[in-house]
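Asker: Sharing a structure with you now.
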Amino acid sequence: MSDQLLALAASAVPVTPGADEARSWLKDELLDPAYHSSRSLLQRFFDWLQQQFDGAPRFGAPSLVVAAVVVGVLLVVAVSAFWAAGPVRRSRRVRSAGALRAGDDRRTADQLRAAADEAAAQGRWTLAVAERFRAIVRDLEQRTVLDDRPGRTADEAADAAAVRLPELDGDLRRAARRFDDVVYGDGPADSADDTWLRGLDDAVAHARVSAGTSPARPDALVSDAGHV
Numbered sequence: 001m002s003d004q005l006l007a008l009a010a011s012a013v014p015v016t017p018g019a020d021e022a023r024s025w026l027k028d029e030l031l032d033p034a035y036h037s038s039r040s041l042l043q044r045f046f047d048w049l050q051q052q053f054d055g056a057p058r059f060g061a062p063s064l065v066v067a068a069v070v071v072g073v074l075l076v077v078a079v080s081a082f083w084a085a086g087p088v089r090r091s092r093r094v095r096s097a098g099a100l101r102a103g104d105d106r107r108t109a110d111q112l113r114a115a116a117d118e119a120a121a122q123g124r125w126t127l128a129v130a131e132r133f134r135a136i137v138r139d140l141e142q143r144t145v146l147d148d149r150p151g152r153t154a155d156e157a158a159d160a161a162a163v164r165l166p167e168l169d170g171d172l173r174r175a176a177r178r179f180d181d182v183v184y185g186d187g188p189a190d191s192a193d194d195t196w197l198r199g200l201d202d203a204v205a206h207a208r209v210s211a212g213t214s215p216a217r218p219d220a221l222v223s224d225a226g227h228v
């Protein structure tokens with residue numbers, strides 16, 4: 001340490017230097033070669049980083065720290081946005097899910113099951129899941145458990161079916177969500193989904209049908225009102 005600081009430390013009488021004198025002492029202390037005998041790893045990193053900018057003006061260490069922090073934050077934000085964008089887009093597509101099947105699709109439940117089996121044999125799990133759920137709903141329509149409405153959505157079909165098959169309420173709604181996810185949300189499907197839907201198809205076929213009626217259509221309400 002410098003002679004001034006040593007003298008200050010050794011003094012038994014407290015010494016309070018003035019502002020100019022304190023600044024001078026600090027300057028002399030920092031000029032001591034002991035403080036500059038080795039360069040820190042951080043400073044070496046800054047020097048290396050500066051060398052990467054060919055022809056660019058050299059920046060001081062504080063500027064590089066700020067730049068590195070800014071770049072790091074931007075990278076984190078970009079990665080987070082990219083990570084979140086997929087699920088957000090998917091959820092938007094699912095919320096705007098379309099009809100369960102086209103209006104001109106008059107295939108029977110057995111035909112839909114056959115289409116699902118063929119897709120599964122080819123490893124086309126998205127199509128297999130879609131056709132399997134369509135077969136479940138179509139079977140309920142053919143049994144007059146549900147009214148025949150080709151334009152209904154998967155959720156509407158599940159809501160109506162759950163009223164007539166209350167013991168399968170949760171499974172029917174889960175199946176509808178899975179249908180929307182893979183058909184309208186680009187979600188992945190696999191053999192486990194198809195196997196589970198096969199089991200649900202069998203459970204629906206053997207479930208006790210409640211005497212309750214499915215949710216009425218608006219046109220049915222108008223018709224009923226005309227007979228009051």
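Under the working numbering, residues 1 to 228 are what the sequence shown spells out, in order. No residue lacks a Cβ here, since even glycine has one placed at the ideal position from N, Cα and C.
Nearest-angstrom Cα distance between L112 and V209?
Answerer: Roughly 22 Å between the two C-alpha positions.
Asker: Select from R132, E118 and A203 the residue whose C-alpha is nearest the C-alpha of L100.
Answerer: L100 has its Cα closest to that of R132, out of R132, E118 and A203.
Asker: So within the stretch 153-188, which uninterrupted alpha helix (DSSP H) runs reach at least 4 residues, ignoring any that extend past its ends?
Answerer: Within the stretch 153-188, the complete alpha helix (DSSP H) runs of at least 4 residues are 154-164 and 169-183.
Asker: Sorted by chain position, which residues of the same chain lie with C-beta nearer than 7 Å to L197's C-beta, five sequence neighbours on each side aside?
Answerer: Counting only Cβ-Cβ distances below 7 Å, and skipping sequence neighbours, we find V129, R132, F133 and A175.
Asker: With a cut-off of 8 Å on the beta carbons, I'd call A158 and R173 a contact; round off their distance for me.
Answerer: That belief holds up - the Cβ atoms of A158 and R173 are roughly 5 Å apart, short of 8 Å.
Asker: Classify G187 as buried or exposed, calling it buried when 16 or more other Cβ atoms lie within 10 Å of its own Cβ.
Answerer: Classification for G187: buried.
Asker: Which whole-angstrom value is the C-beta distance of A160 and L146, which I expect to be below 8 Å?
Answerer: About 5 Å; that satisfies the 8 Å criterion.
Asker: First and last residue of the alpha helix (DSSP H) that includes V209?
Answerer: Here V209 belongs to no alpha helix (DSSP H), and DSSP marks it neither H nor E.
Asker: Looking at A207 and L234, is the spacing between their C-beta atoms short of 8 Å?
Answerer: Since the first residue of the chain shown is 1 and the last is 228, residue 234 is not available in this structure.
Asker: Exposed or buried, which one is A242 when buried takes at least 16 other CB atoms within 10 Å?
Answerer: Residue 242 cannot be examined here, being either before or after the span of the chain that is shown, 1 to 228.
Asker: Identify whether A99 lies in helix, strand or coil by the three-state DSSP scheme.
Answerer: Three-state result, A99: strand.
Asker: Taking T126 as the reference, which of E156, V182 and E167 has the closest Cα?
Answerer: When each option's Cα is compared against that of T126, the closest is V182.
Asker: Between the beta-carbon of A162 and the beta-carbon of D155, is there less than 8 Å?
Answerer: Cβ distance not < 8 Å, so A162 and D155 don't count as in contact.
Asker: If we ignore side chains and look at the alpha-carbon of each, how far apart do Y184 and R152 end up?
Answerer: Near 15 Å, if we compare the C-alpha coordinates of R152 and Y184.
Asker: Can you give the Cα-Cα distance for T195 and A115, rounded to whole angstroms?
Answerer: T195 and A115: Cα-Cα distance of roughly 15 Å.
Asker: Leaving out five residues on either side along the sequence, give the residues of the same chain with a beta carbon under 7 Å from the beta carbon of L200.
Answerer: Only I136, D171 and A175 meet the Cβ criterion.
Asker: Considering only the beta carbon of each residue, do D105 and P150 sit closer than 8 Å?
Answerer: It is a contact, given that the beta carbons lie within the stated cut-off.
Asker: Among T144, R138, A189 and D202, whose alpha-carbon lies nearest the alpha-carbon of R107?
Answerer: Out of T144, R138, A189 and D202, R138 has the C-alpha closest to the C-alpha of R107.
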